[in-house]
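Just so it is clear: in the sequence shown, position 29 is 29 by the UniProt record's numbering, and no numbers are missing.
Note that beta-carbon positions come from the ideal geometry of N, C-alpha and C, so glycine has one too.
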Amino acid sequence: MKSAKSESSRIWGLRFHLLFYVLGNLAQVIVWWVYDPDHFFWPLWSIVFWGIGLAFHFWGVYSPPKSRTEY
1 MKSAKSESSR IWGLRFHLLF YVLGNLAQVI VWWVYDPDHF FWPLWSIVFW
51 GIGLAFHFWG VYSPPKSRTE Y
């Protein structure tokens, strides 16, 4: 059984992950836009693959707990 503190820390960890995802990718898009807007949108790679990691983090926080029965 998860404790309330554990659940709260998991949610805060996800919130910080989401915050840094947005800020980090926004910074990359700004750098791309300022220095290289006529070429390939290279921040796409970070947005997609970091987004996959963020989706797994979200899934880990909000998925229902598995029962731990031994056979």
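For F56, the enclosing alpha helix (DSSP H) stretches over residues P43 to Y62. The Cβ atoms of V61 and L14 sit closer than 8 Å to each other. If the five residues before and after F49 are omitted, its C-beta is found closer than 6 Å to no C-beta atom of its own chain. With a cutoff of 8 Å on beta-carbon distance, L44 and Y21 are scored as not near each other.
The beta carbon of A27 sits closer than 8 Å to none of the beta carbons in its chain outside the five residues before and after it.
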